[in-house]
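Here's the structure, in structure tokens; my notes come after.
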Amino acid sequence: MTSIPDIQLPTDLIPGDGRFGSGPSKVLIPSLTALAATGDTLMGTSHRRPAVRDVVGAVRDGLRALYDLPEDHEILLGNGGATAFWDAAAFGLIENRSQHVSIGEFSSKFAKVTTGAPHLAEPDVIEAPYGTGASLRPDASIDAYALIHNETSTGVQLSVARPAGATGLVLVDGTSAAGAVAVDHSEYDVYYFSPQKAFGADGGLWLAVCSPAAIERIETLDASPRWIPPFLSLQVALDNSRKNQTNNTPAIGTLYLLAQQIDMMLAKGGLDWAIDRSETSSTTLYDWAEASDIAGPFVSDPAIRSTTTVTIDLVDEISADTVEAVLRVNGLVDTFGYRKLGRNQLRVACFPNVDPDDVALLTRAIEYVAVRL
Ligand SMILES: *Cc1c(COP(=O)(O)O)cnc(C)c1O
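Here the sequence shown stands for residues 18 to 390, numbered as in this note's numbering.
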């Protein structure tokens with residue numbers, strides 16, 4: 018881009034908080050203030066001592082309450098984010114052959130991991146074009162099915178469902194859905210996520226809700242002759258998680274921000290409150306785009322449009338890059354689309370932390386900029 022047009026938004030179009038990024042996403046200021054206020058009691062103290070273990074415990078208990086988890090489900094956590102979890106799953110959850118729904122950047126990355134893993138058979142990868150969805154297909158040769166709840170790169174949201182009659186585990190990437198979209202606990206074995214998307218905390222961590230079948234698979238593969246890199250061992254993660262610890266030093270600030278976020282959500286009304294916030298914001302955007310002369314939803318099927326990461330195509334005459342740049346100068350940041358899609362597109366996070374009123378202002382700000390280009 019050569020230069021950014023000099024367009025100043027009127028003050029009544031400036032949202033209370035201008036962070037619309039899909040990850041890292043808006044962290045609540047009160048959470049940051051609370052973190053700073055912990056002073057000398059938390060940051061810089063041992064992660065094996067009560068101060069930090071209590072935070073891990075609060076996260077695990079809080080998630081259990083938020084999701085109303087069945088008694089026999091366990092929450093595991095470790096370092097490295099969802100990306101590390103893919104590698105850990107390739108060693109500790111997939112026995113021989115996996116199947117993947119691959120509909121965008123993140124779902125394709127997990128498929129790449131298992132395609133390259135020398136100890137696993139060639140995976141079955143079910144691909145669909147960007148902006149569309151796909152379903153898992155029951156297959157007797159598959160012992161682990163990989164599904165994505167919300168494909169952050171394209172703004173496609175799928176329902177979490179076991180393939181009919183399948184016996185394999187169902188592993189669901191819930192990274193940009195967890196904390197904002199409902200999920201039926203009987204339809205998955207592992208629901209894993211990083212906390213810097215829908216949960217509005219910080220990065221560096223993965224969390225995984227595991228069914229008894231998933232725990233059993235972890236234990237079986239750990240006892241098998243397969244070599245598992247210790248850092249990626251889910252058995253090690255399981256043993257540590259049960260003690261409210263991580264295998265190695267975690268980012269304590271991330272854990273604290275996540276605990277604050279979960280507390281806030283429980284106080285506001287739990288997952289239902291969060292789901293409603295995301296639905297309100299995303300509906301505002303889709304309704305605006307449908308009615309607008311300059312925009313339209315990228316995902317044509319309304320049934321699979323994301324409620325958390327909304328992708329909006331602009332007409333060719335209006336450069337999304339330029340709109341994004343002008344918005345940024347005005348303090349409305351991170352509305353860019355996913356680069357690799359190569360579309361003239363904006364993407365807006367509608368995570369629970371984002372105020373629906375700010376989203377409404379954003380649509381007006383986009384129109385304001387567009388007509389002045
Ligand atoms: C961001 C994202 C990831 C990767 O998360 P990291 O914490 O960066 O490893 C994986 N899956 C989805 C759906 C994501 O949105």
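The beta-carbon is built from N, C-alpha and C at its ideal position, and this holds for glycine as well.
**Message:** Following a CB-centred definition, is K260 positioned closer than 7 Å to any heavy atom of ligand 1?
**Reply:** No, ligand 1 has no heavy atom inside 7 Å of this Cβ.
**Request:** Could you check which residue in I159, D104, D156, V187 has the C-alpha nearest to that of H166?
**Result:** When each option's Cα is compared against that of H166, the closest is V187.
**Request:** Drop a sphere of 10 angstroms on the beta-carbon of R294, count the other beta-carbons inside from all chains shown, and report buried for 16 or more, exposed for fewer.
**Result:** Around the C-beta of R294, 16 or more other C-beta atoms lie within 10 Å, and the residue is accordingly described as buried.
**Asked** Is V118 near L93, with beta carbons less than 8 Å apart?
**Response** No.
**Message:** Using DSSP's beta-bridge definition, name the partner residues of Q277.
**Reply:** Q277 is not bridged to any residue.
**Asked** Going by C-alpha distance, which of G185, G97, A342, H202 is nearest S158?
**Response** Residue G185 is the option with its Cα nearest to S158.
**Item:** D256 to T263 span [Cα, whole Å]
**Value:** Rounded to the nearest angstrom, the two C-alpha atoms are 9 Å apart.
**Message:** What I want to know is whether the C-beta of A99 ends up closer than 7 Å to one or more non-hydrogen atoms of ligand 1.
**Reply:** Yes; taking the cut-off as 7 Å, the Cβ of A99 has a heavy atom of ligand 1 nearer than that.
**Asked** So does the region 264-274 actually touch the region 334-354, counting three or more Cβ pairs closer than 8 Å?
**Response** Touching, no.
**Asked** Between Y355 and P314, what straight-line distance do the alpha-carbon atoms span, to the nearest angstrom?
**Response** Their backbone Cα atoms lie some 14 Å apart in a straight line.
**Request:** Quick one: grab the DSSP three-state call for L415.
**Result:** The requested residue 415 does not occur in the structure, where the chain is confined to residues 18 to 390.
**Request:** Would you kindly work out how many angstroms separate the C-alpha atoms of A308 and T380, rounded to a whole number?
**Result:** For A308 and T380, the distance between alpha carbons rounds to 11 Å.
**Item:** Inter-residue Cα distance where the pair is D318 and T169
**Value:** Take the alpha-carbon of D318 and the one of T169: they are about 16 Å apart.
**Request:** Would you mind sorting D330 into buried or exposed? The rule is 16 or more other CB atoms within 10 Å of its CB.
**Result:** It is buried - the Cβ of D330 has at least 16 other Cβ atoms within 10 Å.
**Cross-strand partners of I329 (DSSP beta bridge)** = DSSP, once it has assigned bridges, lists P314, L363 as partnering I329.
**Prompt:** Is the Cβ-Cβ distance between V327 and R364 less than 8 Å?
**Reply:** The answer is yes: Cβ separation under 8 Å.
**Prompt:** Going by the C-beta, is F123 closer than 7 Å to any heavy atom of ligand 1?
**Reply:** Yes.
**Request:** Return yes when the Cβ of L45 is within less than 8 Å of the Cβ of H202, no when it is not.
**Result:** Contact: no.
**Prompt:** Helix, strand or coil for I335 per DSSP?
**Reply:** Here I335 sits in coil by DSSP.
**Message:** Only counting the same chain, and skipping five residues up and downstream in sequence, which positions put a Cβ closer than 7 Å to that of D156?
**Reply:** Result list for D156: Q116, D141, in chain order.
**Request:** May I ask which residues mark the beginning and end of the alpha helix (DSSP H) holding Q252?
**Result:** Counting along the chain, the alpha helix (DSSP H) containing Q252 begins and ends at 251-258.
**Item:** Proximity below 8 Å, CB of A151 to CB of I111
**Value:** When the beta-carbon positions are compared, A151 and I111 stay at least 8 Å from each other.
**Request:** Could you pull out every unbroken beta strand (DSSP E) segment of at least 3 residues lying fully inside the region 69-97, listed in chain order?
**Result:** The region 69-97 is shown to contain whole beta strand (DSSP E) runs of 3 or more residues at 91-96, in chain order.
**Message:** Closer than 8 Å is the cut-off here; do at least three beta carbon pairs connect the region 279-299 with the region 130-146?
**Reply:** Counting Cβ pairs under 8 Å, fewer than three are found: no touch.
**Asked** Terminal residues of the continuous beta strand (DSSP E) containing Y208?
**Response** It spans 207-210 - the beta strand (DSSP E) in which Y208 sits, taken as one unbroken run.
**Request:** Check whether the region 191-208 touches the region 226-234, counting contact only when three or more Cβ pairs, one atom from each stretch, lie closer than 8 Å.
**Result:** Because the criterion of three Cβ pairs below 8 Å is met, the region 191-208 and the region 226-234 touch.
**Asked** If you count every other CB in all the chains shown that lies within 10 Å of the CB of K214, and 16 or more means buried, which is it?
**Response** Burial call: buried.
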